[in-house]
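To start, the structure under review is shown below, and the notes come after it.
Structure, rendered in structure tokens:
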């Protein structure tokens, strides 16, 4: 008998992604050592999230559990893509960016899409996922627009 | 510098392993949590050819009550006292639950035997629960083995009753039998 995926599977996937990012950023030369610990903290946050989900499983509906689990996975994916963009744009390290895209970014996006397609039982889940992804892209866009000039210059100088 | 990086990596790796195994344990625990959903019974009672006037079915046909007769020194047959219908392939058996009046009651001696036979759709007898008496005591059966019933099949429960010669009229017995489904 096939076991149905729980919404928390996306949380679990997100935790794995953050852990992979923590280890990768630790190994790579391009990042400050604090970044790795930040990703590790994000993974711990995911674990706490999962723990809370289990404790309140009776009061949280499946739709709500899916929403925060998917949001966490989307955040992890955004970080993977963000690191790829950072390597490409800020560090101008084309080779590393290409390797990162083919070995990390593309497989993670593919795996996440695969499990999302397995889980999706309803159109409402697809719409929620689309809404959250759009909101996140919008948020990132706004953050880039309002970034202070001094920080912009600093980034460009790098 | 290199040493610090190695130490960082080792620390991160250890924390990562801890987080991943703890998360996997929680996820597994959540998977193992059971849930119960109400559905229609896959095996239920239906009326048979001889059910008229003797059978009353409970709500959703998951309970059946039979009011059978028994005559002195003669065996009375109910070929299809009640039928069992399956909507999905299942395994079923008959199991004795209780009988009253119990052992030691003088009324018991008025009965000779009461037999419940499980008859498959092709007419084959698969097993039976036979209640016989020895003076004031019942000789009770336990259960029969499980038999596979196919989806859409209708099996019968055949009942045979017999009272002793010169039995007192108006004496009754109540037998509770369970149909176990797996």
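Residue numbers (this note's numbering), protein chains in the order written: chain A, 1 to 158; chain B, 1 to 182.
All C-beta atoms in this analysis are idealised placements derived from N, C-alpha and C, irrespective of residue type, glycine included.
From a predicted model like this one, the values you see are computed outputs, not experimental measurements.
Item                                                                                                                                                        : Value
Quick one: residues in its chain with C-beta nearer than 8 Å to the C-beta of residue 94/A, no 5 flanking neighbours on either side, listed in chain order? : 88
Candidates 171/B, 43/B, 123/B and 133/B: which alpha carbon is nearest residue 85/B's?                                                                      : 43/B
Taking residue 27/B as the query, report the chain A residues whose CB atoms sit under 9 Å from its CB, ordered along the chain.                            : 6, 8, 9, 11, 12, 50 and 54
Flag residue 120/A as yes if its beta-carbon sits less than 7 Å from any beta-carbon of chain B, otherwise no.                                              : no
Using 7 Å as the threshold, is the C-beta distance between residue 11/A and residue 46/A below it?                                                          : yes
As a quick exercise: from 79/B, 3/B, 182/B and 19/B, pick the residue whose alpha carbon is nearest that of residue 94/B.                                   : 182/B
Which residues in chain A sit within 9 Å of residue 177/B, going by Cβ to Cβ distance?                                                                      : Within chain A, no residue comes near residue 177/B; the closest Cβ sits about 32 Å away, beyond 9 Å.
According to DSSP, is residue 85/A part of a helix, a strand, or is it coil?                                                                                : helix
Is residue 146/B helix, strand or coil by DSSP?                                                                                                             : coil
So residue 68/B is in the beta strand (DSSP E); what residue range does that whole segment cover?                                                           : Careful: residue 68/B lies outside any beta strand (DSSP E) and carries neither H nor E.
DSSP puts residue 91/B in a beta bridge; with which residues?                                                                                               : 148/B
Give me the residue from 101/A, 131/A and 71/A with the minimum Cα distance to residue 9/A.                                                                 : 71/A
Is residue 63/A buried or exposed, if buried means 16 or more other CB atoms sit within 10 Å of its CB?                                                     : exposed
Pick helix, strand or coil for residue 129/A, following the three-state DSSP scheme.                                                                        : helix
Nearest chain A C-beta to residue 184/B closer than 7 Å, yes or no?                                                                                         : Because chain B is modelled from 1 through 182, residue 184/B falls outside the range shown and cannot be assessed.
Please confirm whether residue 119/A and residue 5/A have their CB atoms less than 7 Å apart.                                                               : yes
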